[in-house]
């Protein structure tokens, strides 16, 4: 069964304190791993797509990496505005050529000034 | 970037009422849109895949007659919650894009549905 697990469930950091979020996955045929940010009461906002082991993507204070079994979202010197829930999702085949996303439960990040 | 608009953002109605939620892709065409449901402090659960010009594909356990989906054009999909009851109260989110290409799904801002 396709499964996505994120850890930790919640993380509290001081401003400037770097850390990493983990997303481990078990899927039969990975067609991409996605990171999203979700603010309260809003839909997820796209951050990164990773397709193959060893791939890395960066955007401002965020860096996403991918191995064959997991992905990490590294946050360097976070600011309070980085506080949000970070969601990981894997895209899998879904009948014919259509794909679907399976989401993890997310990591709630709080960055204190 | 790709923009998905969802309307309304918040609905409160009485039990037994039917509620329609619209999802529009504003700057691209989407042959496929997706409808998700999210409970407090939980992740997104796919309810159904909406296909333009054909029937929607529902996930296991999702009632087709309760959640009616219509995808009449390449930029609009609607979800109708029929005869809504308090247990249908939730946060409903749609997305578009990323079905067959290397592009990601882009999400609307969700609809908070509260059934009294």
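Chains as they are written, first to last, in the numbering used here: chain A, 1091 to 1203; chain B, 263 to 378. Here a beta-carbon is modelled for each residue, glycine too, at the ideal position from N, C-alpha and C. Nothing here was measured: the structure is a model prediction, and the numbers come from that model.
The shortest CA-to-CA distance from residue 1169 (chain A) to any of A:1202, A:1156, A:1178, A:1149 is the one to A:1202. The region 1125-1145 of chain A makes contact with the region 1164-1183 of chain A: 3 or more CB pairs, one atom from each, lie closer than 8 Å.
The three-state secondary structure of residue 1171 (chain A), taken from DSSP, is helix. Interface criterion not met: the Cβ of residue 1130 (chain A) is under 7 Å from no Cβ in chain B.
Per DSSP, residue 1148 (chain A) is one residue of the beta strand (DSSP E) stretching across 1146-1149. Around the C-beta of residue 366 (chain B), 16 or more other C-beta atoms lie within 10 Å, and the residue is accordingly described as buried.
Contacts with chain B at 7 Å (Cβ-Cβ) include residue 1190 (chain A). Looking at the DSSP output, residue 1153 (chain A) bridges to A:1148, A:1164. Residue 345 (chain B) and residue 1191 (chain A) have their C-alpha atoms spaced approximately 29 Å apart. Each residue's CA atom was taken as its position, placing residue 1102 (chain A) and residue 1163 (chain A) some 15 Å apart. For residue 298 (chain B), the enclosing beta strand (DSSP E) has its first and last residue at 294-300. Secondary structure within the region 1099-1143 of chain A: the beta strand (DSSP E) runs of 3 or more consecutive residues, fully enclosed, are 1100-1104, 1109-1116, 1123-1128, 1135-1140 (chain order).
Among the residues facing chain A, residue 370 (chain B) is included, as its CB has a counterpart in that chain under 7 Å away. Counting only residues of its own chain and dropping the five nearest sequence neighbours on each side, residue 335 (chain B) has a CB closer than 8 Å to the CB of 314.
By the CB criterion at 7 Å, residue 305 (chain B) and residue 1133 (chain A) fall outside the cutoff.
At least 7 Å separates the CB of residue 1168 (chain A) from every CB of chain B.
One thing to note: residue 1161 (chain A) has its Cβ within 7 Å of the Cβ of residue 1123 (chain A). Separation of residue 328 (chain B) and residue 376 (chain B) (C-alpha to C-alpha, rounded to the nearest whole angstrom) is 16 Å.
Rounded to the nearest whole angstrom, the CA to CA distance from residue 270 (chain B) to residue 277 (chain B) is 18 Å. Of all residues in the region 299-315 of chain B, those with a C-beta nearer than 7 Å to a C-beta of chain A are 304, 305, 306, 308, 311, reading in chain order. If you draw a straight line from the Cα of residue 341 (chain B) to the Cα of residue 330 (chain B), it comes to about 6 Å.
Each residue's CA atom was taken as its position, placing residue 359 (chain B) and residue 1179 (chain A) some 15 Å apart. DSSP, read as helix, strand or coil, puts residue 325 (chain B) in coil. Using beta-carbon distances, residue 1095 (chain A) does not count as an interface residue toward chain B, since no partner is under 7 Å.
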